[in-house]
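Just so you know, the sequence shown maps onto residues 21 to 450 in my numbering.
All C-beta atoms, glycine included, are put in the ideal place defined by N, C-alpha and C.
Note that the structure is predicted; figures quoted are calculated from it, not measured.
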Amino acid sequence: RFIEELCKLKAFGRLWSDLVYERYGVTSDAARRFRYGVQVNSLGLTEIQPENNVQRIVLEMLGVTLAKDSRARAIQLPAWNEALGLPRPWDQQWSLRIQQVLALESDLLEYEDIFEGSTVIEAKVGELISEIETELDHIIEMGGAIAALESGYLKSALVASHAQRRSKIESVELAVVGVNIHQSTEPSPLSQSTNILVVDPEVETRRIAEVQAFKTERDRAGVEGALAELDAAVQQGRGVVEASIAAAKVGVTTGEWSAILRSHFGEYRSPTGVVDSITHRTPAIEAVRARVDELAARIGHRPRILIGKPGLDGHSNGAEQIAVRARDCGFEVIYQGIRLGSAEIVAAAVAEDVDVIGISILSGSHRTLVGEILDSLARVKATDIPVIVGGIIPPEDAQWLASIGVAATFTPKDFDTTDIMSSIVDILSL
């Protein structure tokens, strides 16, 4: 929907200009200009017929570049194969070349805003501004953006919007070429699992050794002094920017720096946005819900699923949507958010007495992290809890995960989350 995205950015620019003028008295047109960079999201990329991802990326880029008065100042494009695995340098270069061809081979940059005077565009921009102002008023009534964030309102709205989009794809109300329409295809050389980056398993060992060597070569007294100054700055309520810069200059690592802050402030856990069911009931959902009810009657309790996001992977959309659909289908859901340690996930699974663990990994580290989770389950004698894995997982890795005990693996080609829930019921019914 790149026309609508284009209109959104026009609306953002006008609202920003008005707000900084009305609230802060900024009169300079240049100072009121809305400057933004954009990461073109990879949400719409597909594992099925991945060649279609190239034109999807181009369309999303056009949405933030065609109109001069709302053009992005910087763009990061995803690689075409991010739904298959980690992109190689060549794949990333392809995305860079897309930008360069548009900027240097087309005449786009030679003209003023080509949409100026379009009644269609103006009508859509006006409609969006009205909707945005209504939402802004609502957020201000809640106490502002921070209050809306801390209450979980903003995150819940994002999860609800994504759930609505996913439901439209599953019902074919929203077309995704190659996925829910035009599914027949000629064999594609791009679908081969060799078209991704395969990380050397020794990389982690080498990086740890490099960090350890770096630490031994630092000025130890300087590091200790910088950490002490940072600690004092936090205790005394001073700003930490100067102390942080000084710490970086003497070689304090990010881990050491964050440990000081964590010792004072604890570890922030953001709202998950996963609330009560937000999707409409469909015949498919009702059918799976009936199966879950039968399972609950048989085992004596509502089946409990823990959704875990281990490691530093911050891509939470998939995990959130699985949690929402599991709740829709009658599961009791435990989801604590992103960036958990493997031991934390296992401890929560045991404490909550769950029936199944679902692990979501999109970072390419599934072999290491899933192995850690299975080892942790073995240590606490909880290997009877089936583990399923979802994420960006190549076929060879899915086979390997099955060989070490993973009950099922799901990837972007398994886009129907209700079908995934049915498969989980199958596993729990064995």
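Host alpha helix (DSSP H) of residue i (start-end)
i, result
"V78", "72-83"
"V312", "303-319"
"G275", "274-285"
"I447", "437-448"
"F22", "22-44"
"V366", "362-371"
"G338", "337-348"
Residue from the options with nearest C-alpha to residue i
i, options, result
"G242", "V260, K269, I381, F22", "K269"
"G391", "P414, P415, A363, L63", "A363"
"V353", "M81, R311, D373, N337", "D373"
"S138", "L389, L397, L26, A316", "L26"
"D395", "A143, A180, I424, G410", "I424"
"A422", "D436, F435, V46, P406", "P406"
"R301", "L450, I68, E142, E190", "E190"
"L389", "C349, L332, P209, F285", "L332"
"I451", "L448, A418, A310, T431", "No answer is possible for residue 451: it lies beyond the span of the chain, which begins at 21 and ends at 450."
"Y288", "L217, E170, V223, I444", "E170"
"D251", "L194, L281, D157, I149", "L281"
"A480", "L82, V84, G105, G64", "Outside the shown range of the chain, which is 21 to 450, sits residue 480, and nothing can be said about it."
"Q75", "W100, E151, E230", "W100"
"E130", "G146, K88, L63, I325", "K88"
"V145", "T273, R34, V231, A263", "R34"
"I141", "E24, A50, S264", "E24"
"A317", "L82, W114, F351", "F351"
Residue i and residue j closer than 8 Å at C-beta
i, j, result
"K30", "S90", "yes"
"A522", "S380", "Only positions 21 to 450 of the chain appear in the structure, and residue 522 is not among them; the question remains open."
"G357", "P330", "no"
"V400", "V366", "yes"
"P98", "I77", "yes"
"I159", "L86", "no"
"Y56", "A92", "yes"
"I305", "I327", "no"
"V370", "A402", "yes"
"V60", "Q96", "yes"
"G275", "R238", "no"
"V260", "V254", "yes"
"A246", "A266", "yes"
"F22", "L79", "yes"
"V199", "I68", "yes"
"V409", "C349", "no"
"P291", "G172", "yes"
"V295", "Y355", "no"
"E71", "S204", "no"
"V4", "T47", "Past the edges of the chain, shown from 21 to 450, lies residue 4, and the structure says nothing about it."
"M81", "L122", "yes"
"T273", "V231", "yes"
Segment limits, beta strand (DSSP E) that includes residue i
i, result
"Y355", "352-355"
"A51", "A51 -> no beta strand (DSSP E), and no H or E assigned at all."
"R324", "324-328"
"A103", "That residue, A103, is in no beta strand (DSSP E); it is neither H nor E in DSSP."
"A428", "428-430"
"A94", "94-96"
"Q69", "Per DSSP, Q69 belongs to no beta strand (DSSP E) and is neither H nor E."
"G457", "No answer is possible for residue 457: the residues shown for the chain start at 21 and end at 450."
Assigned exposure category for residue i - 16 Cβ within 10 Å defines buried
i, result
"K433", "exposed"
"G163", "exposed"
"H386", "buried"
"D375", "buried"
"T453", "Outside the displayed range of the chain (21 to 450) lies residue 453, so it cannot be described from this structure."
"I228", "exposed"
"F285", "exposed"
"A103", "buried"
"I440", "buried"
"L148", "buried"
"G257", "exposed"
"L397", "buried"
"T214", "exposed"
"V179", "buried"
"T431", "buried"
"P323", "buried"
Chain B contact for residue i (CB, 8 Å cutoff)
i, result
"L116", "Protein chain content of the structure displayed is limited to a single chain, and chain B is not contained in it."
Entirely enclosed alpha helix (DSSP H) segments - the stretch 184-270, minimum 4 residues
223-236, 240-255, 261-269
Minimum length 4: unbroken alpha helix (DSSP H) runs contained in the stretch 161-187 = The qualifying runs are 165-170.
Whole runs of the beta strand (DSSP E) within the stretch 380-415, excluding any shorter than 3 residues:
Within the stretch 380-415, the complete beta strand (DSSP E) runs of at least 3 residues are 407-411.
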